[in-house]
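Trainee:
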Amino acid sequence: MSAAPVVTGIGVAAPNGLGTEEYWQATLEGRGGIAPISRFDPSGYPVRLAGEVPGFDAAAYIPSRLLPQTDHMTRLALYAADAAMRDSGADTAQLPEYGAGVSSASSMGGFEFGQRELQNLWSKGGRFVSAYQSFAWFYAVNTGQISIRHGLRGPGSALVTDQAGGLDAVGNARRQIRKGTALMLAGGVDGALCPLGLAGQLSSGRLSTEERPDHAYLPFATEARGHVPGEGGAYLVLEDRDSARRRGARVYGEIAGYAATFDPAQETPGADGLAHAIRRALREAGTDPQQVDAVFADAAGVPELDRTEAQAVTAVFGARAVPVTAPKSLTGRLYAGGAALDLAAALLSIRDGVLPHTANVAAPAPGLGIDLVVGSPRTVTVDCALVLARGHGGFNAAAVVRRAH
Amino acid sequence: MERRVVITGIGAVAPGGTGVKKYWDLISTGRTATRTISLFDPSPYRSQVAAECDFDPVEAGLSPQEIRRMDRATRFAVTAAREALADSGLDLAAEDAREIGVALGCAVGCTTSMEAEYTVLSDGGRHWLVDPGYVVPHLYDQFVPSSIAVELARLVGAQGPVALVSDGCTSGLDAVGHACDLIREGSADIVVSGGTDAPISPITLACFDAIKATTPRNDDPARASRPFDATRNGLVLGEGAAVLVLEELEHARRRGAQIYAEVAGFGTRCNAYHMTGLRSDGTEMAEAVRLALTEARLDPAAIDYVNAHGSSTKQNDRHETAAFKTALGDHAYRVPVSSVKSMIGHSLGAIGALELVACVLAMRYSLIPPTANLHEPDPLCDLDYVPITAREARVDSVLSVGSGFGGFQSAVVLARPERSGV
Numbered sequence: 080m081s082a083a084p085v086v087t088g089i090g091v092a093a094p095n096g097l098g099t100e101e102y103w104q105a106t107l108e109g110r111g112g113i114a115p116i117s118r119f120d121p122s123g124y125p126v127r128l129a130g131e132v133p134g135f136d137a138a139a140y141i142p143s144r145l146l147p148q149t150d151h152m153t154r155l156a157l158y159a160a161d162a163a164m165r166d167s168g169a170d171t172a173q174l175p176e177y178g179a180g181v182s183s184a185s186s187m188g189g190f191e192f193g194q195r196e197l198q199n200l201w202s203k204g205g206r207f208v209s210a211y212q213s214f215a216w217f218y219a220v221n222t223g224q225i226s227i228r229h230g231l232r233g234p235g236s237a238l239v240t241d242q243a244g245g246l247d248a249v250g251n252a253r254r255q256i257r258k259g260t261a262l263m264l265a266g267g268v269d270g271a272l273c274p275l276g277l278a279g280q281l282s283s284g285r286l287s288t289e290e291r292p293d294h295a296y297l298p299f300a301t302e303a304r305g306h307v308p309g310e311g312g313a314y315l316v317l318e319d320r321d322s323a324r325r326r327g328a329r330v331y332g333e334i335a336g337y338a339a340t341f342d343p344a345q346e347t348p349g350a351d352g353l354a355h356a357i358r359r360a361l362r363e364a365g366t367d368p369q370q371v372d373a374v375f376a377d378a379a380g381v382p383e384l385d386r387t388e389a390q391a392v393t394a395v396f397g398a399r400a401v402p403v404t405a406p407k408s409l410t411g412r413l414y415a416g417g418a419a420l421d422l423a424a425a426l427l428s429i430r431d432g433v434l435p436h437t438a439n440v441a442a443p444a445p446g447l448g449i450d451l452v453v454g455s456p457r458t459v460t461v462d463c464a465l466v467l468a469r470g471h472g473g474f475n476a477a478a479v480v481r482r483a484h
Numbered sequence: 059m060e061r062r063v064v065i066t067g068i069g070a071v072a073p074g075g076t077g078v079k080k081y082w083d084l085i086s087t088g089r090t091a092t093r094t095i096s097l098f099d100p101s102p103y104r105s106q107v108a109a110e111c112d113f114d115p116v117e118a119g120l121s122p123q124e125i126r127r128m129d130r131a132t133r134f135a136v137t138a139a140r141e142a143l144a145d146s147g148l149d150l151a152a153e154d155a156r157e158i159g160v161a162l163g164c165a166v167g168c169t170t171s172m173e174a175e176y177t178v179l180s181d182g183g184r185h186w187l188v189d190p191g192y193v194v195p196h197l198y199d200q201f202v203p204s205s206i207a208v209e210l211a212r213l214v215g216a217q218g219p220v221a222l223v224s225d226g227c228t229s230g231l232d233a234v235g236h237a238c239d240l241i242r243e244g245s246a247d248i249v250v251s252g253g254t255d256a257p258i259s260p261i262t263l264a265c266f267d268a269i270k271a272t273t274p275r276n277d278d279p280a281r282a283s284r285p286f287d288a289t290r291n292g293l294v295l296g297e298g299a300a301v302l303v304l305e306e307l308e309h310a311r312r313r314g315a316q317i318y319a320e321v322a323g324f325g326t327r328c329n330a331y332h333m334t335g336l337r338s339d340g341t342e343m344a345e346a347v348r349l350a351l352t353e354a355r356l357d358p359a360a361i362d363y364v365n366a367h368g369s370s371t372k373q374n375d376r377h378e379t380a381a382f383k384t385a386l387g388d389h390a391y392r393v394p395v396s397s398v399k400s401m402i403g404h405s406l407g408a409i410g411a412l413e414l415v416a417c418v419l420a421m422r423y424s425l426i427p428p429t430a431n432l433h434e435p436d437p438l439c440d441l442d443y444v445p446i447t448a449r450e451a452r453v454d455s456v457l458s459v460g461s462g463f464g465g466f467q468s469a470v471v472l473a474r475p476e477r478s479g480v
């Protein structure tokens with residue numbers, strides 16, 4: 080088995096910044112992207128806030144022939160994937176013919192597109208349904224479109240594990256590279272901020288009805304009352320270490336370990352499954368808990384889930400033994416995109432020696448026993464970070480990113 | 059030591075009947091289950107035929123609570139999984155739950171339920187803004203189809219890696235490929251895998267009508283799916299599920315399990331060409347086949363049967379015929395090739411798994427299911443497609459392929475684990 084793959088490119092489309100540096104700057108400055116929903120009139124909903132990607136002019140980034148056949152979230156995905164490829168400087172033409180692939184996560188597909196075509200069908204009739212509906216909404220759409228745009232003919236896949244997906248897609252890309260693919264474009268960009276999509280998200284019972292943007296999503300806080308839905312995410316370019324070295328690529332870090340587990344309990348998942356995922360990921364990375372400099376939490380923003388996540392972290396690391404942070408308090412939860420964005424944040428923390436804070440949260444709820452980074456970013460050398468993600472129904476995922484030497 | 063993956067249990071919900079036995083009875087006798095759609099009135103649509111499952115969830119043993127919360131695709135999957143688990147003889151209570159995973163394929167998730175909910179919430183499509191006050195509590199689970207994998211994971215008590223693999227029409231094969239990765243790398247000893255889909259709904263009909271992917275042969279539904287026939291004119295939609303219990307070989311041997319076959323090789327490639335179109339030369343599918351054969355350490359000549367994608371579209375049938383010639387060389391002209399889609403239609407994310415079950419049964423019974431309705435071969439499809447009637451033949455190694463929207467091309471090789479050279 081070859082060494083851990085390295086990350087050589089990052090592309091971000093986040094509610095608080097379109098573009099990696101824009102997102103990172105906003106995150107370190109505590110500028111959020113949660114605001115009243117603008118994509119439709121949410122006044123009939125108990126939830127009227129969301130994290131929408133600002134200033135996204137699709138026509139400026141996406142070939143015009145793709146516009147009629149793509150949902151908004153696929154356009155964001157195409158942007159992020161292209162940005163990651165450019166950032167990596169990789170030239171797929173220099174790779175073996177099937178040496179590059181795509182691994183994406185999805186949760187709800189392209190549902191704004193899907194709702195529009197359902198409306199066309201039911202209000203006007205079948206003849207008014209778009210010729211692109213057969214693929215524009217389905218869960219594999221981003222993988223297919225990215226593969227076509229960048230000529231990636233290696234393995235392609237789409238995993239659906241609810242909000243753990245961003246890690247699972249990157250974990251799968253890591254696996255493909257270890258099996259011999261030179262480069263994988265991997266991550267998740269997600270979101271369904273349309274009337275039907277928001278109705279579906281509401282039924283999870285986990286959305287916050289708080290109306291003040293800076294009070295609506297407060298993970299680990301005593302006042303936590305659910306999350307704000309968002310759109311966006313990130314794609315990463317993962318490369319085989321030797322292949323990246325040969326072309327002199329700039330390396331953000333390596334995906335040193337990854338593991339996924341499941342909690343089959345019907346009720347709120349406990350801490351054991353997540354703790355087991357953390358231990359397995361650390362073992363795969365060959366890392367002791369003491370070597371981990373930061374944890375990027377899943378940060379559900381639901382007190383019971385926050386508590387079990389804190390229990391899992393303290394079970395592995397001890398109480399207040401490692402800084403924990405959740406920069407997603409500025410973006411809302413991006414479904415399958417959220418954990419991919421957290422991986423990007425973790426890699427940027429390694430690069431810049433700074434941990435973003437959990438903005439809007441003054442202090443963790445008493446008794447959680449975690450050292451939550453609050454108030455302002457913390458200047459600290461980060462050589463190794465753990466990223467956690469959980470999905471509705473019992474999904475747990477953990478990934479270890481490490482400075483590459 | 060190298061970890062190998064074997065199939066130790068199978069289950070199916072297919073058009074023509076629930077359970078592996080009824081499925082095999084149908085396809086081994088060359089009967090077709092395609093018919094005029096009965097799930098709703100199909101008369102507004104260009105294509106009005108499909109292969110439906112006569113599935114009664116109560117008869118299948120699902121509880122009222124399960125029926126209430128589960129989409130049709132989920133019900134299929136759970137029913138097939140129960141059969142597969144019983145077939146495997148696994149004592150789940152004696153297994154380490156942390157070494158059990160789920161990798162289920164599904165292309166369009168809970169689309170049928172979502173469409174039904176949509177029509178309620180939008181007042182029959184009149185309003186763009188829906189009324190969230192009427193949302194059913196499980197709408198989220200319909201939106202995010204990982205809920206289907208969750209149901210299977212709870213059924214088996216899995217605490218290992220769980221995922222829904224959604225790669226369009228190759229989902230069923232790719233889920234098995236994913237499961238093999240998990241077992242080989244040591245992330246699990248047992249993975250409940252396969253595929254499910256229940257796409258027969260108005261929006262699915264409308265979207266396939268829009269690109270003329272489905273057949274307009276409404277006057278002859280039983281003979282509507284005609285892979286490789288010169289008169290074929292589009293696919294016939296299907297539905298169903300197949301679940302395969304995949305297990306690490308030594309684990310299976312230790313417990314004295316029946317072993318149907320080894321999943322000896324898997325390969326997948328993207329055509330990076332078009333979301334729905336195929337290159338006529340089948341280059342990427344051929345590459346996926348070569349990859350699967352290499353992984354299986356088998357020569358093309360060792361393949362005794364090719365289970366084709368055979369979707370009954372001109373584009374596909376020529377594409378994969380070319381791919382077989384490229385990947386198998388002269389052997390492509392000698393090996394029997396057939397498409398069960400001629401009998402059970404194309405059930406999107408389920409079909410790859412249903413076809414693998416057909417392959418397993420072909421190995422077990424030394425009988426190759428036919429390509430029904432093939433009377434006038436397309437001159438450009440010049441292989442041996444086992445027309446009309448099943449053929450007796452010893453089958454030790456099988457190749458099964460799939461091709462899907464998004465450009466996905468996948469191939470699985472099944473073989474006997476005790477074959478020489480491994």
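Heads up: the protein sequence lines correspond to chains W and B, in order.
Just add 79 to wherever you are in the first sequence, counting from 1, and you've got this note's numbering.
Just add 58 to wherever you are in the second sequence, counting from 1, and you've got this note's numbering.
Note that CB positions come from ideal geometry on N, CA and C, so glycine has one too.
As the structure is a computational prediction, the values presented were derived from the model and not from experiment.
1. Would you say V239 (chain W) faces chain B, with C-beta separation under 9 Å as the test?
2. Could you tell me whether the Cβ of A201 (chain W) comes closer than 9 Å to any Cβ of chain B?
3. Please determine, among B:V107, B:P475 and B:M59, the residue with the shortest C-alpha to C-alpha distance to T262 (chain B).
4. Within 10 angstroms of the Cβ of E100 (chain W), are there 16 or more other Cβ atoms? Answer buried if so, exposed if not.
5. I'd like to check one pair, A390 (chain B) with M343 (chain B): are the Cβ atoms closer than 9 Å?
6. Could you round the C-beta distance between A265 (chain W) and A252 (chain W) to whole angstroms and report it? I think they count as a contact, below 8 Å.
7. Of the choices B:E320, B:T341, B:A319 and B:G323, whose alpha-carbon is the least far from that of N329 (chain B)?
8. If we cut at 9 Å on Cβ distances, does L187 (chain B) have a partner in chain W?
9. What are the uninterrupted segments assigned as beta strand (DSSP E) that are 3 or more residues long and contained completely in the stretch 98-167 of chain B, given in chain order?
10. Which of helix, strand or coil does DSSP assign to T289 (chain B)?
11. Below 8 Å on the Cβ atoms is my contact criterion, and I expect L286 (chain W) with V466 (chain W) to pass it. Report the Cβ-Cβ distance as a whole number of Å.
12. With 9 Å as the threshold, decide whether the Cβ of M333 (chain B) is near any Cβ in chain W.
13. Distance cutoff 9 Å, beta carbons only. Does G470 (chain W) sit that close to anything in chain B?
14. Could you list which residues in chain W have their beta carbon closer than 8 Å to that of H196 (chain B), in chain order?
15. Answer with yes or no whether the minimum CB distance from D342 (chain W) to chain B is below 9 Å.
16. Anything in chain B within Cβ reach of F56 (chain W), meaning under 8 Å, just list it in chain order.
17. In chain order, what residues of the same chain lie with their CB nearer than 6 Å to the CB of S143 (chain W), ignoring the 5 residues before and after it?
18. Using a Cβ-Cβ distance cut-off of 9 Å, determine whether G244 (chain W) contacts chain B.
19. For S461 (chain B), which of helix, strand or coil comes out of DSSP?
20. Against chain W, does A322 (chain B) count as a neighbour if the rule is that its beta carbon must be under 9 Å from one of theirs?
21. With 9 Å as the threshold, decide whether the Cβ of D225 (chain B) is near any Cβ in chain W.
22. Let's test the definition: count the other Cβ atoms within 10 Å of the Cβ of Q242 (chain W) and tell me whether it reaches 16, buried, or not, exposed.
23. Taking only beta-carbon positions, decide if I256 (chain W) is within less than 9 Å of chain B.
24. Looking at the strands, I want to know which residues DSSP matches up with M263 (chain W).
25. Mind listing the chain W neighbours of R156 (chain B)? Cutoff is C-beta to C-beta under 8 Å, in chain order.
26. Give the residues from the stretch 261-279 of chain B that approach chain W closer than 9 Å (Cβ to any Cβ), ordered along the chain.
27. Locate the beta strand (DSSP E) running through P38 (chain W), then write down its first and last residues.
28. Nearest by alpha-carbon distance to M128 (chain B): which of B:V202, B:G460 and B:A233 is it?
29. Looking at the structure shown, is G77 (chain B) part of a helix, part of a strand, or coil, going by DSSP?
30. Taking just the CA atoms, how far does L84 (chain B) sit from P121 (chain W)?
31. I206 (chain B): buried (16+ other C-beta within 10 angstroms of its C-beta) or exposed?
32. Tell me where the beta strand (DSSP E) around P94 (chain W) begins and ends.
33. Pull out every residue of the stretch 388-414 of chain B whose Cβ sits closer than 7 Å to any Cβ of chain W, in chain order.
34. Quick one: which chain D residues come within Cβ less than 9 Å of L231 (chain W)?
35. Which runs of the beta strand (DSSP E) fall wholly inside the stretch 399-436 of chain B and span at least 3 residues, in chain order?
36. Tell me which residue opens and which closes the beta strand (DSSP E) that Q467 (chain B) is part of.
Mentor: Working from what's here:
1. Counted from its first residue, the first sequence places residue 239 (chain W) at position 160. Under the Cβ distance rule, V239 (chain W) counts among the residues neighbouring chain B, one pair being separated by less than 9 Å.
2. Taking the first residue of the first sequence as position 1, residue 201 (chain W) is located at position 122. Checking the displayed sequence, the identity of residue 201 (chain W) turns out to be Trp instead of Ala. Cβ-Cβ to chain B under 9 Å: yes for W201 (chain W).
3. Locating residue 262 (chain B) in the second sequence gives position 204, where the first residue counts as 1. When only C-alpha atoms are compared, the closest one is B:V107.
4. Indexing the first sequence from 1 puts residue 100 (chain W) at position 21. Counting other Cβ atoms within 10 Å of its Cβ, E100 (chain W) stays below 16 and is therefore classed as exposed.
5. Counting from one through the second sequence, the residue named residue 343 (chain B) turns up at place 285. Counting from one through the second sequence, the residue named residue 390 (chain B) turns up at place 332. Contact flag unset, no.
6. The count along the first sequence starts at 1 and reaches residue 265 (chain W) at position 186. The count along the first sequence starts at 1 and reaches residue 252 (chain W) at position 173. Rounded, the Cβ-Cβ distance is 3 Å, consistent with contact.
7. Here residue 329 (chain B) refers to the residue found at position 271 when the second sequence is read from its first residue. When only C-alpha atoms are compared, the closest one is B:T341.
8. For the purposes of this step, residue 187 (chain B) is taken as residue 129 along the second sequence, with counting starting at 1. For L187 (chain B), the answer is yes, since a Cβ of chain W falls inside 9 Å of its Cβ.
9. For the stretch 98-167 of chain B, whole beta strand (DSSP E) runs of length 3 or above, ordered along the chain, are 107-109 and 158-163.
10. Taking the second sequence and counting its residues from 1, one reaches residue 289 (chain B) at position 231. Here T289 (chain B) sits in coil by DSSP.
11. If you number the first sequence from 1, residue 286 (chain W) lands on position 207. If you number the first sequence from 1, residue 466 (chain W) lands on position 387. So it is not a contact: roughly 23 Å between Cβ atoms.
12. Residue mapping note: residue 333 (chain B) aligns to position 275 of the second sequence, counting from 1. Yes, M333 (chain B) lies at the interface with chain W (some Cβ there is under 9 Å from its Cβ).
13. As a working note, residue 470 (chain W) is residue 391 in the first sequence. Proximity of G470 (chain W) to chain B, defined by a Cβ-Cβ separation below 9 Å, is satisfied.
14. Locating residue 196 (chain B) in the second sequence gives position 138, where the first residue counts as 1. What H196 (chain B) touches in chain W, judged by beta-carbon distance under 8 Å, is S282, going in chain order.
15. The residue labelled residue 342 (chain W) in the question sits at position 263 within the first sequence. Interface criterion met: the Cβ of D342 (chain W) is under 9 Å from a Cβ in chain B.
16. One cannot answer for residue 56 (chain W) here, as it falls past the ends of chain W, which runs 80 to 484.
17. Translated into the one-based positions of the first sequence, residue 143 (chain W) becomes position 64. Closer than 6 Å at the Cβ level, and outside the excluded window around S143 (chain W), lies no residue.
18. For the purposes of this step, residue 244 (chain W) is identified with residue 165 of the first sequence, where counting begins at 1. Between G244 (chain W) and chain B, the shortest Cβ-Cβ separation is below 9 Å.
19. Looking up residue 461 (chain B) in the second sequence gives position 403. Note: S461 (chain B) maps to strand in three-state DSSP.
20. On the second sequence, residue 322 (chain B) is found 264 positions in, with the first residue counted as 1. It does not: the Cβ of A322 (chain B) has no partner Cβ on chain W nearer than 9 Å.
21. Along the second sequence, one-based indexing puts residue 225 (chain B) at 167. Chain W contact via Cβ: present.
22. Position 163 of the first sequence, counting from 1, holds the residue named residue 242 (chain W). Burial is judged here by how many other beta carbons sit within 10 angstroms of a residue's own beta carbon; Q242 (chain W) has at least 16 and is buried.
23. Here the question's residue 256 (chain W) lines up with position 177 in the first sequence. So no, I256 (chain W) is outside the interface.
24. As a working note, residue 263 (chain W) is residue 184 in the first sequence. DSSP lists W:G180 and W:L317 as partners of M263 (chain W).
25. Looking up residue 156 (chain B) in the second sequence gives position 98. Those within 8 Å of R156 (chain B) in chain W are T340 and H355.
26. Of all residues in the stretch 261-279 of chain B, the ones placed with a Cβ closer than 9 Å to any Cβ belonging to chain W are I261, T262, L263, A264, C265, F266, D267, A268, I269 and A271, in chain order.
27. Residue 38 (chain W) cannot be examined here, being either before or after the span of chain W that is shown, 80 to 484.
28. Position 70 of the second sequence, counted from the start, is the residue given in the question as residue 128 (chain B). Ranking B:V202, B:G460 and B:A233 by Cα distance to M128 (chain B) puts B:V202 first.
29. Within the second sequence, numbered from 1, the residue matching residue 77 (chain B) stands at position 19. G77 (chain B) carries a coil assignment under DSSP once its states are collapsed to helix, strand and coil.
30. The residue you call residue 121 (chain W) lines up with position 42 of the first sequence. The residue you call residue 84 (chain B) lines up with position 26 of the second sequence. Going from the Cα of P121 (chain W) to the Cα of L84 (chain B) covers about 51 Å.
31. Here residue 206 (chain B) refers to the residue found at position 148 when the second sequence is read from its first residue. With 16 or more other Cβ atoms within 10 Å, it is buried.
32. Along the first sequence, one-based indexing puts residue 94 (chain W) at 15. That residue, P94 (chain W), is in no beta strand (DSSP E); it is neither H nor E in DSSP.
33. Under the 7 Å Cβ criterion, the stretch 388-414 of chain B contributes no residue.
34. In summary, chain D is missing from the structure at hand, where the protein chains are W and B.
35. Those beta strand (DSSP E) runs which fall completely within the stretch 399-436 of chain B and span 3+ residues do not exist here.
36. Your numbering for residue 467 (chain B) matches position 409 in the second sequence. Counting along the chain, the unbroken beta strand (DSSP E) around Q467 (chain B) starts and ends at F466 to A473.
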